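One structure below.
Residue numbers (the numbering used here): 1 to 285.
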């Protein structure tokens, strides 16, 4: 199977490497000469200057930086990529939600669009440990190739735009957790408790989080970018104020939202991991 990877930055280069490592043929495209040069040094990756030069491919992965760039790529693919059936295009770039909702407009005789943002960084790509959020007309073969190539988990959604919203909300929660972590570390320092000692507690304690575990590796500018996309879409983000409302009330409200959503959608929509409700039931037995 021959993949075209459009976008050869840090993430795109990692996707290309991972696809080669799992046995696929890969051709890559990027408008920036520096990105092309770095990708050309990767074993097994053929680099070309444009989509038109890529030749026949069976699948496409788009991992450019902005929504506008994604739309330009889809226009190019529509005119330059074709075959006896529509070519599956995995759009892994993080989009703004409005653009993501319009992705279906590029479905047609040439392309079959799959919205597929991911959670994870370069290390997760190379290890095949990403969570992939998927919408669009997809097949069992599409899910299988994602699991084989780079995803340890696939969560599917009914409509375009939902995977992007889920991705942005996930990173919004990471932002909340990062701000909370910084706040409690400041409290600790003000009270004479070494922040480094508190971090030892957080490594295994109930207050631990991805934000705490990745304090020295988190990419703040990317988190802020995603939070900005979400805020621009929903209007404003609610403040979180510990001590203002009882935690039990907030937890209860969150549980009801999850259980109500599960009742409306009883079929598990993800692979490789039990549903949160079932995990909770197991713990309570």
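For glycine and all other residues, C-beta sits at the position ideal for the given N, C-alpha and C.
Computed from a prediction, not measured in an experiment: that's the story for all the values here.
- At least 8 Å separates the beta-carbon of residue 157 from that of residue 141.
- Between the segment 67 to 86 and the segment 13 to 27 there are fewer than three inter-stretch CB-CB distances shorter than 8 Å, so the stretches are not counted as touching.
- Between the segment 37 to 45 and the segment 74 to 82 there are fewer than three inter-stretch CB-CB distances shorter than 8 Å, so the stretches are not counted as touching.
- For residue 115, the uninterrupted beta strand (DSSP E) run begins and ends at 111 to 115, by DSSP.
- Annotation for residue 90: 61, 114 and 116 place their beta carbon closer than 6 Å to its own, counting only its chain and skipping 5 residues before and after.
- In the DSSP assignment, residue 228 falls outside any beta strand (DSSP E) and within the unbroken alpha helix (DSSP H) covering 220 to 234.
- With contacts defined by Cβ atoms closer than 8 Å, residue 112 and residue 87 form a contacting pair.
- C-alpha of residue 133 to C-alpha of residue 51: approximately 25 Å in a straight line.
- Going by beta carbons, residue 57 and residue 106 fall outside the 8 Å limit.
- Cα atoms of residue 99 and residue 194: separation of roughly 46 Å, rounded to the nearest angstrom.
- Close CB contacts of residue 145 within its chain, under the 6 Å cut and outside five residues either way in sequence, are absent.
- Around the beta carbon of residue 216, fewer than 16 other beta carbons lie within 10 angstroms, which makes this residue exposed.
- Within a 10 Å sphere around the beta-carbon of residue 59 sit 16 or more other beta-carbons, which makes this residue buried.
- Counting every other CB atom within 10 Å of its CB across the protein chains shown gives residue 179 a total below 16, marking it as exposed.
- Residue 137 sits in coil when the DSSP states are folded into three classes, being neither helix nor strand.
- In the DSSP annotation of this structure, residue 193 is not part of any beta strand (DSSP E), being labelled neither H nor E.
- Boundaries of the alpha helix (DSSP H) around residue 13: 10 to 21.
- Counting other Cβ atoms within 10 Å of its Cβ, residue 167 reaches 16 or more and is therefore classed as buried.
- Residue 63 is classed as buried because its beta carbon has at least 16 other beta carbons within 10 Å across all chains shown.
- Shown here, residue 28 sits in a strand according to DSSP, grouped into three states.
- Under the three-state reduction of DSSP output, residue 66 falls in the coil class, being neither helix nor strand.
- By the criterion of at least three beta-carbon pairs nearer than 8 Å, the segment 172 to 191 is in contact with the segment 227 to 240.
- In the structure shown, the three-state DSSP call for residue 56 is coil.
- Going by beta carbons, residue 219 and residue 121 fall inside the 8 Å limit.
- DSSP, reduced to helix, strand and coil, places residue 175 within a helical segment of the structure shown.
- Just measuring C-alpha positions, the residue of 249, 9, 139 and 36 sitting nearest residue 92 is 9.
- About 31 Å separates the beta carbon of residue 152 from that of residue 185, a gap too long to meet the 8 Å contact definition.
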